[in-house]
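Protein chains: 2
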Amino acid sequence: MSPASSSLHPLSPPRRLLMGPGPSNIHPRVYRALGMDVVGHLDPEFLAVMDRIQDRLRQVFQTENPMTISVSGTGSAGMEAALVNLIEEGEEYIVGMNGVFGMRMSEVIRRRGATVHPIEKEWGEIITLEEVQKAIEDHPKSSGLCLVHAETSTGAHQPLEEIGRLTQERDLLFIVDAVTSFAGAELKIDDWSIDACYSGTQKCLSCPPGLAPLTLSPRAMEKVRNRKSPIDSWYLDLTLIDNYWAEGKRAYHHTAPISMNYAIHEALALVLEEGLEQRFERHRLNSKAMVSGLEAMGFSMSISDASQRLPMLNPVSIPEGIPDAEVRKRLLEQFNIEIGAGLGAFSGKIWRIGLMGESSKQEHVIFFLAALESVLNDLKIQGDFSGGVSAANSVYSS
Amino acid sequence: MSPASSSLHPLSPPRRLLMGPGPSNIHPRVYRALGMDVVGHLDPEFLAVMDRIQDRLRQVFQTENPMTISVSGTGSAGMEAALVNLIEEGEEYIVGMNGVFGMRMSEVIRRRGATVHPIEKEWGEIITLEEVQKAIEDHPKSSGLCLVHAETSTGAHQPLEEIGRLTQERDLLFIVDAVTSFAGAELKIDDWSIDACYSGTQKCLSCPPGLAPLTLSPRAMEKVRNRKSPIDSWYLDLTLIDNYWAEGKRAYHHTAPISMNYAIHEALALVLEEGLEQRFERHRLNSKAMVSGLEAMGFSMSISDASQRLPMLNPVSIPEGIPDAEVRKRLLEQFNIEIGAGLGAFSGKIWRIGLMGESSKQEHVIFFLAALESVLNDLKIQGDFSGGVSAANSVYSS
């Protein structure tokens, strides 16, 4: 051993139960894929992996869009890729603003020199069809509408189908953030007339963070290819990236993250083996059990209408007298359970309890409720927290 | 097994010897790091990993720059991060243009609305101190100089030390692409007055592609923080990313690629355990043996002066009568060896034989020379190719 090595701290991360806003837990097959032999990014074997990733992404996005890829960056890079390619200086976009990620889309759009017409709602509320209609009437020059399908900061579950039909009628681009919903809840790119949609790998896909599933409709790609101004970003230029991913072209642009693409290849296989409908139903069922358990313990969900609440990220109000940070710290240190804190305006006010992908399992729901009961009792919080586990179990046995 | 699963192709990549322009081969410890349990990106355990990555990156970059991080994208994202944060519309930059990656820097600079003053040289040649001096005199309003330390398209090894001193005297920002040299050849950020430098993980660091080591001097960060215009990119905005990486801040920006950061954490440990000087010497020695072997077989290096040629990416001219693609195909299919084709203007004219990180080993040099001899004989190429292995071996025994 050389002298230097003695000071090098070895890597030995703890085994957490990941019930926050992502990353979620990872299936052993995905870990094994990560450790498989790296080959060259233009190796015929890797090109075949890329083909299969595209095919599998199309199945999960429920689309036939040729431009369907994994962007070589995290979910936020997927957002930036969708927006910087489509949006030109001087254009106008309507953006739903009811949480952190609508604000983030606005920020990216403004940096492109375009105007944002926000539809502002209270955090946790959804944007209605009528509100979109009004915004389109108020801002008739708008080029598109941006909505967040699954608002990770609030747990709001935005309906898209009717709004998609409307944007199609009015010839508006429909751009959707599906970072948290992809592979965990119904998302039909073609049926819902979505023109651009991006996600991340570390949510319901249960793959480590580092890639961004992205799909653009032929109509959206036509706009990208016929821009008046060049795309600001070279790294995220979809005309160049298309030449890299398109079968028969494979023109070098950048070196794809090989191991991460192995991981998404395997994670997508797990999704398709389970079946989309079965997977969505599993997310709904575990959420229902979690909510029953929490309510039996005296908690309230911060979004009361289950149809407007995400099944994979359950937002629960923190009652007066319960110390937010201390509870999360004890869950982490005593039970190796991570849950999500409130973000932005919701800091200290809600917990975000993730049940995404591999994390969405009956045993995790039960273990979490028991652990929370234990922590609250240890902290001598007033109340009877004993009913959570049995309330959750009765959902599974009904 | 559900019906869908029967059609899902399993992942089973071949075990290649990676002797192209990257990715290079990966140490088993790095594969094991990739497969370790993912934790949350704000988990105290992961924050400690980030701290150690920064510390290790600083040691390999030989810098004390606080802004030293792994960008959540590939080497090209590192390039874009360095340039989009520093460069403002209307500015002028001098760029060395002697291969693909100087051209790429120019392209990114032009997309920002800045002017490029190229120092054009033949591909494979280096840029001299005198040429930089003249360019600065010709373009006195320039804000900076951009050079590629290790031009991956040609194998040219650009000297930086004296040029760094000059840019410092003339108060120019010095921006360096070290994608292929980082952790494989001497690179002294502070001593050489480099203001911004980026790399990739899949070259001499022998980590899978997917992250970009990046460092900026305090002077460069001051320019970033005092820009007149906002940074175009939200994803690569170093003022936001700094708040995410800086100890004691850790403000959420995006979700870092956890597994890839585990991998770079381990790959950097391997570099520091070996020792920088020892590692650079290993790269030089294996390159010397490879070149001796190739020359004994009758090949010529496309850059004849060893001091101007990269030790980790050895550019060799393809003689008339040797079928480029067929030789590479046979090396890949019969021997599982990948070497690099020529890029751009050098397509069909050179091979780029990588000896990077874990790929830079005596046994690989010998195996490659023997495999090449075998392929050339099988193809009935005229010549005596039998002297390669012994010429290489005599370098090791001298």
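Protein sequence lines correspond, in order, to chains A and B.
The numbering of the first sequence is my numbering, which starts it at 1 and goes up by one.
The numbering of the second sequence is my numbering, which starts it at 399 and goes up by one.
The beta carbon of each residue, even a glycine, is placed where N, CA and C say it ideally should be.
The Cβ neighbour count for B:Arg623, taken over all protein chains shown within 10 Å, is under 16; the residue is labelled exposed. A residue is called buried when at least 16 other Cβ atoms come within 10 angstroms of its Cβ; A:His364 meets this threshold and is buried.
Taking a Cβ-Cβ threshold of 8 Å, none of the residues of chain B is close to A:Asp324; the smallest such distance is about 14 Å. Between the alpha carbons of A:Pro118 and B:Arg508 lies a distance of about 32 Å. Chain-ordered, the chain B residues with CB closer than 9 Å to the CB of A:Thr74 read Ser470, Gly471, Tyr633, His652, Thr653, Ala654, Pro655.
A:Val375 sits close to A:Leu331, with the two beta carbons spaced by under 8 Å. Taken in chain order, the complete beta strand (DSSP E) segments of 3 or more residues contained in the stretch 56-141 of chain A are 68-71, 92-97, 115-120.
Listed as beta-bridge partners of B:Asn423 by DSSP are no residues whatsoever. In the DSSP secondary-structure assignment, B:Ile561 is not bridged to any residue. According to DSSP, residue pairing for A:Trp192 in a beta bridge does not occur. With a contact defined as Cβ atoms closer than 8 Å, A:Val116 and A:Val95 qualify at about 5 Å.
Given a length threshold of 4 residues, each whole run of the alpha helix (DSSP H) inside the stretch 258-337 of chain A is given here in chain order: 258-274, 276-296, 324-335. Taking a cut-off of 8 Å for Cβ pairs, the stretch 255-268 of chain A and the stretch 75-91 of chain A do not touch, as fewer than three such pairs fall below it.
Chain A has a Cβ within less than 8 Å of the Cβ of B:Gln600. For B:Ala610, the uninterrupted beta strand (DSSP E) run begins and ends at 610-614, by DSSP. In the displayed model, B:Tyr429 falls within a helix according to three-state DSSP. Distance from the Cα of B:Leu777 is smallest, within the candidate group B:Gly522, B:Ile720, B:Asp588, B:Met448, for B:Ile720. Between B:Ala790 and B:Ala687, the C-beta gap is smaller than 8 Å, which places the two residues in contact.
Burial is judged here by how many other beta carbons sit within 10 angstroms of a residue's own beta carbon; B:Asp536 has fewer than 16 and is exposed. Under the three-state reduction of DSSP output, A:Gly388 falls in the helix class.
By DSSP's assignment, A:His157 forms a beta bridge with A:Ala150. The Cβ atoms of B:Thr466 and B:Leu484 lie no closer than 8 Å to each other. The C-beta distance from A:Ala185 to A:Phe101 rounds to 16 Å, too long to fall under 8 Å, and the pair is not in contact. Taking 8 Å as the upper bound for CB-CB distance, B:Pro421 and B:Gln600 are in contact here, some 4 Å apart. Proximity of A:Arg165 to chain B, defined by a Cβ-Cβ separation below 8 Å, is not satisfied. Using beta-carbon distances, A:His9 counts as an interface residue toward chain B, with a partner under 8 Å. Separation of A:Gln59 and A:Leu147 (C-alpha to C-alpha, rounded to the nearest whole angstrom) is 22 Å. Annotated as proximal: A:Val179 and A:Gly200, with beta-carbon spacing under 8 Å. By the criterion of a C-beta distance shorter than 6 Å, B:Gly553 is surrounded in its chain by Ile701, Arg707, Leu708, Leu711, Pro713, once the five residues flanking it on both sides are discounted. In this structure, the alpha-carbon of B:Met417 lies about 11 Å from that of B:Cys602. The beta carbon of B:Gly511 sits closer than 6 Å to those of Glu487, all from its chain and outside the five residues before and after it, given in chain order. B:Trp590 and B:Gly497 have their C-alpha atoms roughly 22 Å apart. Put simply, the CB of A:Arg328 is far from chain B, with every gap to its CB atoms at 8 Å or more.
Interface annotation, A:Arg352: not in contact with chain B, CB-CB separation never under 8 Å. Here A:Ser229 is exposed: its Cβ has fewer than 16 other Cβ atoms, across all protein chains shown, within 10 Å. Taking A:Gln158 as reference, the option from A:Gln133, A:Ser143, A:Gly124 with the minimal CA-CA separation is A:Gly124.
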